[in-house]
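A short worksheet on the structure shown next.
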Amino acid sequence: MRRPTSLYRRLLSWLLLPLLGLGALMLVQAYLDARHTADRAFDRLLEAATLAIADRVQWQDDQLWLDLPPAALEMLATDAEERVFYALYDGEGNFITGNARLPSDERLDQGHGSLQDALQGVPQDGTRGDTLLYRDITWHALSLRQGTRRSRLEDWSLQEHFEVRVAHTREGREALTLRLLRGNLAYIGAMAALAIAALLVAIRSALAPLTRLRNAIRSRDPRTLAPLEIPLPRELAELRETVNDLLARMRRVRANQERFIGDASHQLRTPLAGLSTRAELALRQDDPAAWRSALKAMQATSASTARLAGQLLSLTRLDNPEATPDLAPLDLNALARHATREAWTSCHRDGIDLGVEAEETPLMIDGVAWQLEEALNNLIDNARRYGARRITVRVTDDPPTLAVEDDGPGIAKDQRLLVLRPFYRGRDGGEGSGLGLAIVDGIARGHKARLTLEPTVGDTGLRVAIHFTGDRQ
């Protein structure tokens, strides 16, 4: 058998999955924030380096000249030992000096004929109109971050434009990103540990009432059906009330079973005691005629007792929900004719006119053949035992109905519901046990049919009918 799934594990899984997803998003966001912070910090260094170089650009011998200060590039040198490149270009884009010919910024060059035209409409930086832009480039298989500053000479007689390009590799940025990320990871890990611990405590606390309910049920005496009295949350209180309703129904079932067993014991004890008494009296006699009379009486009593035992067995089978068979298509007309043939011999022996009125064409319903035959047998036998001289089994359509009509004394209107109870007899006398109509009522309910008891035409006798209201075949 498949092992049942743990509710604790299911709750933990469903709550941990979103938590893990949120943790993954936090890690991604922490990395992006760390990288953005590192880029901003090193971009400030790039800005300072380009500004320091631009301040040392001069005009000498009719050309641009640069006296590069060592501090301009040293500020970009960190423990990660990045490689730093710089270049100076004039206003026409010609290389002047530097340790690498770095590419230009396409955002300024694209679609412009000169540097002066390119500066139009570009955000400015500083009082002298500098333009500073950053970008990530790949140059000679190196991943670089480049800062481009476009400026001009500050002279009242000459305003020569030039461009300073400074780039460095990303080792320092990546190292700073990892340091910032490690700090964030420690914070995220601590928060995740606290969240998981709180989640485990919350789940155990939420499931604690279930444990109390389980222990309360386990510790109960299996013979008691008293209601559960244990404080529970609202959701579990509904479960407790449902269990209490089930226990109440079980108490009623047990009470009915005990009453049924008591009635059955009484009904069986009487004929068995009669058999024992008659046998004892017969043994005291020496006359064979007395023996024959006692044997006849004992035979009638044993037949009645056997019939009573069969009815008790049928009633028990009807009251057992685990033994309820599946419904199958059957023909009511054929069923009525078969039951009439089975009962005809006993009725003919007693001088009773037994007949059937059923069509030759099939009238199909969903039912259990042996149960409906049992119902017909009980109805015919009841009518025979309670004084009927004419019995008719009738099948009608719309809705499909199976009825037994007789010309006996009938049942008073105020007794028609009472006779459906086991062992209840409408009047004294007769050979019945009070189980026949109870069995018929159980069979009708098992077929979701409606049972009616009413006088026949002319207000004489009794008509017992089972009306099938379910889907026809």
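Each residue of the sequence shown is one higher than the last, beginning at 224 in the numbering used here. No residue lacks a Cβ here, since even glycine has one placed at the ideal position from N, Cα and C. Values in this document were obtained by computation on a predicted structure and should not be read as measured data.
Asked                                                                                                      : Found
Complete beta strand (DSSP E) runs within the stretch 370-432 (minimum length 3 residues, chain order)     : 384-392
Alpha-carbon spacing of L577 relative to R463, whole angstroms                                             : 56 Å
Rounded separation between G395 and N317 - CA only                                                         : 30 Å
Beta-ladder partner(s) of E628, from DSSP                                                                  : T615 and R686
Strand pairing of P552, partner residues [DSSP]                                                            : D589
Option nearest L423 by Cα separation, candidates R232, D637, R492 and T692                                 : R232
The stretch 606-617 touching the stretch 567-584, judged by at least three CB pairs closer than 8 Å        : yes
Minimum Cβ-Cβ distance from R405 to chain B less than 9 Å                                                  : Chain labels in this structure do not include chain B; a single protein chain is all it has.
Where S229 falls: helix, strand or coil (DSSP)                                                             : coil
L498 to A592 span [Cα, whole Å]                                                                            : 35 Å
Candidates G321, L455, D444 and N556, of which the one nearest L586 by Cα                                  : N556
When R267, E677 and L451 are compared against V466, the one with the closest alpha-carbon                  : L451
Residue from W288, A310, Y609 and L245 whose Cα sits closest to the Cα of A272                             : A310
Beta-carbon separation (whole angstroms), L367 vs A257, contact threshold 8 Å                              : So it is not a contact: roughly 20 Å between Cβ atoms.
Where L238 sits in the DSSP three-state scheme                                                             : helix
Same chain, Cβ closer than 7 Å to L381, neighbours up to 5 away in sequence not counted                    : W282
Boundaries (first-last residue) of the alpha helix (DSSP H) holding G665                                   : G659 to G669
Counted within 10 angstroms of its Cβ, other Cβ atoms place S236 as buried (16 or more) or exposed         : exposed
Proximity winner among R373, A526 and Q252, relative to L491 (alpha-carbon distances)                      : A526
Own chain, CB closer than 7 Å to M521, minus 5 neighbours either side, in chain order                      : L498, R501 and A502
Every unbroken beta strand (DSSP E) inside the stretch 248-332 [3 residues or more]                        : 280-283, 286-289, 307-313 and 318-321
Exposure of G412, with buried meaning 16 or more beta-carbon neighbours within 10 Å                        : exposed
Where G610 sits in the DSSP three-state scheme                                                             : coil
DSSP three-state assignment for E583, whether helix, strand or coil                                        : coil
C-alpha distance - T350 paired with F308, whole-angstrom precision                                         : Note on T350: pLDDT 43, under 50, position unreliable in the model; the coordinate value appears next. The straight-line gap from Cα to Cα measures roughly 27 Å.
Under 9 Å between C-beta atoms of A606 and L674                                                            : no
Limits of the unbroken beta strand (DSSP E) element including A672                                         : A672 to E677
P678 to G631 span [Cα, whole Å]                                                                            : 10 Å
Three-state secondary structure assigned by DSSP to L506                                                   : helix
Nearest-angstrom Cα separation, counted from T361 out to T260                                              : 21 Å
Buried versus exposed, by CB contacts within 10 Å (16 or more), A478                                       : exposed
Stretch pair the stretch 594-603 + the stretch 553-572: three plus CB contacts closer than 8 Å             : yes
Q480, buried or exposed, once every other Cβ within 10 Å from all chains shown has been counted against 16 : exposed
DSSP three-state assignment for I440, whether helix, strand or coil                                        : helix
Residues near P456 in its chain [Cβ-Cβ closer than 7 Å; skip 5 each side]                                  : P432
Beta-bridge pairing of G578 - partner residues as DSSP gives them                                          : T615
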